[in-house]
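Worksheet: the structure to be examined is printed underneath.
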Amino acid sequence: YLKMTLDGVKGHCLLEMPTGTGKTVSLLSLILSYQLQDPTTGKLVYCTRTVQEMDKVVEELRRVMAFIQGEVKKDLQQSKDHHQQRQQRESRGG
């Protein structure tokens with residue numbers, strides 16, 4: 005349902021879950037991944053009631069970004085390794 009909201013199929017979405025169930029990390033992960041997939045998506049606007057709550061969101065955002073960057077680096081390295089292995093096999097005639 006959240007992805008349909010981002011795709012524009014649904015206009016708005018309300019996510020209601022108990023405290024500590026991962027709403028922030030779920031939303032940040034989904035939206036950042038979506039933005040990486042489609043750079044024309046636009047900006048993320050995240051509102052909180054207090055500065056303290058926003059500080060927590062910013063810290064969670066940093067963790068999610070670091071995780072995503074680590075995964076992208078791993079994917080790039082795996083692609084590079086696969087390409088090198090294929091070139092080595094081809095150069096050996098196999």
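Residues 5 to 98 (the working numbering) are what the sequence shown spells out, left to right. Just so you know, even glycine gets a beta-carbon here, dropped at the ideal spot from N, CA and C.
- If you draw a straight line from the Cα of Asp79 to the Cα of Leu48, it is about 25 Å long.
- Inclusion of Leu19 and Leu65 in the CB contact set at 8 Å is not warranted, their separation being larger than that value.
- DSSP places Leu36 within a helical segment (H, G or I) once states are collapsed to three.
- In the structure shown, Leu80 adopts helical secondary structure according to DSSP, grouped into three states.
- Under the three-state reduction of DSSP output, Arg93 falls in the helix class.
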